[in-house]
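**Q** Residue numbers (this note's numbering), protein chains in the order written: chain A, 1 to 143; chain B, 144 to 286. Here a beta-carbon is modelled for each residue, glycine too, at the ideal position from N, C-alpha and C.
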DNA sequence: CGGTAAAATGAAAATGATTATCAAAAGCAG
DNA sequence: CTGCTTTTGATAATCATTTTCATTTTACCG
C-alpha cells in the first residue's frame, strides 16, 4: 500500500534537500508498522531484526526527522525513555496511563479539545499541539 | 509562618519512620520558596547558596520524598530535566507552554477536570493525577 | 547524659539515555 | 564515471539521575 505518510515524509525530505536513503525507508516502514508509543530502543530492535546493519544513532536521527516532518510526536512518560507516537491528521488522542501495569488506554474527547481552544484564545495563545495524560490505576490494577 | 506543607511532610515522615534532618528541612524551605517548575539543578543551586554542605544526591532523594508525601509533582517538559511543582490541595492547574520563549502560563478549568473523571469512570480507571500541557505560541511570540 | 543500631548524607563512581565526532560509505548533480 | 556533500555506523562524550559506600547523624534506651 502507498502510505500517505511516506508521501508526507518524501515531501518534507525534498523541501529540506535531504537525500533518500535505504535506512530512512526501513525506519519509516518499521515505525509505520508499530502502534502506540514506541521507544527508540524498541524501534531500533525491530529495525535490527530485519536489517542488522542499521545503527542506533541513525534511528535517533531519523525519528527526529519524523517529528520535524510532522508525522510523529514525542511522548514523555515516566519511564525515562522518550517515546514516539503517530500523528494522525486532524484527530488527537490522549492517554490514560496505568501506574500499576503501565498499560496505556487512548481516548478522544471533542469537548476537552474545544475547551482547550477557548482557554488558549483567552490567553492570546496559538495552539500547536497538546498532551493530556491521566495517571492512575486501570480496572485490573485497582483490584 | 507555619507552612501547612511542613506539617504534611512531618506527618508523612512520621508515618514512614523517617528521621528528621537538617537538610530535609532546608530543602523543603527552599522548595516552598520557589514558584513553578523547579528543576533539581536549580533547587540544588539555591540550597547550596545558603548551605554549601548539602549534596546534590540528597536533593534528588528529598524531592522524591516530597512527591511521595504528596506535596510535589513531577513535570516532564521537553528540556531533558525533570521538574517539580507544588501540589495545591484540591486544585489542579495545567499549563500553556510557549515553544517560542518557553514561558509557562498556568490555568485551571473545572469542566475539563469533570470530563476527565467521566472518561476515567467509563474506562474503569481510578485517577490519581493528570497532566495537561498545551504547546504553542504565546501572545508575544506569535506576533 | 553517653552508647549504639539504623538511617541519612556527601562524594564519587556507575548507569542509562541521548548526542556529538569522525572516518568511511552512499547519493546525486554534472 | 567524478567529485562533492550528505548520511551512516561505531564509538566516545555528555547529561541527568541513581547507586555505592564510608562517614556522620539521629532516635532511642538504659
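Taking the alpha-carbon positions, what's the residue 201/B to residue 235/B distance?
**A** Rounded to the nearest angstrom, the two C-alpha atoms are 28 Å apart.
**Q** To the nearest angstrom, how far is the alpha carbon of residue 211/B from that of residue 282/B?
**A** Going by the C-alpha atoms only, they are around 37 Å apart.
**Q** So what does DSSP say about residue 284/B, is it helix, strand or coil?
**A** It is helical.
**Q** For a contact meaning CB atoms closer than 7 Å, what does residue 136/A contact in chain B?
**A** The contacting residues are 263, 268, 269, 270, 271.
**Q** So what does residue 219/B bridge to, in DSSP terms?
**A** Residue 219/B is bridged to 225/B.
**Q** Which of helix, strand or coil does DSSP assign to residue 125/A?
**A** Residue state, collapsed to three classes: coil.
**Q** Return yes when the Cβ of residue 109/A is within less than 8 Å of the Cβ of residue 171/B, no when it is not.
**A** Result no, Cβ atoms of residue 171/B and residue 109/A do not sit closer than 8 Å.
**Q** Grab the span of the alpha helix (DSSP H) containing residue 206/B for me, first residue to last.
**A** First-last of the alpha helix (DSSP H) with residue 206/B: 199–212.
**Q** Could you pull the start and end residues of the beta strand (DSSP E) that residue 239/B belongs to?
**A** Here the beta strand (DSSP E) through residue 239/B covers 237–241.
**Q** From the beta carbon of residue 259/B, is the nearest beta carbon of chain A less than 8 Å away?
**A** Judged by the 8 Å Cβ criterion, residue 259/B is in contact with chain A.
**Q** Just to make sure I have the definition right: I need the residues of chain A whose C-beta is within less than 7 Å of the C-beta of residue 255/B. Which are they?
**A** Going along chain A in sequence order, the residues near residue 255/B (Cβ under 7 Å) are 112, 115.
**Q** Go ahead and pull the three-state DSSP assignment for residue 38/A.
**A** Three-state DSSP puts residue 38/A in a strand.
**Q** If contacts are defined as beta-carbon pairs under 8 Å, then residue 134/A and residue 270/B qualify, I think. What distance do you get, rounded to the angstrom?
**A** The pair is a contact, with the Cβ atoms about 6 Å apart (cut-off 8 Å).
**Q** Could you name the residues of chain B that residue 133/A contacts, counting a contact when the two beta carbons are closer than 7 Å?
**A** Those within 7 Å of residue 133/A in chain B are 273, 274.
**Q** Helix, strand or coil: how does DSSP classify residue 18/A here?
**A** The answer is coil: DSSP assigns residue 18/A none of H, G, I, E or B.
**Q** Span of the beta strand (DSSP E) holding residue 106/A?
**A** Where residue 106/A is concerned, the enclosing beta strand (DSSP E) stretches over 104–107.
**Q** Under 9 Å Cβ-Cβ, which residues of chain B neighbour residue 142/A?
**A** Near residue 142/A (Cβ distances below 9 Å), the residues of chain B are 267, 268, 269.
**Q** With 9 Å as the C-beta to C-beta threshold (strictly closer), list the residues of the stretch 59–77 of chain A near chain B in chain order.
**A** Result list: 74, 76, 77.
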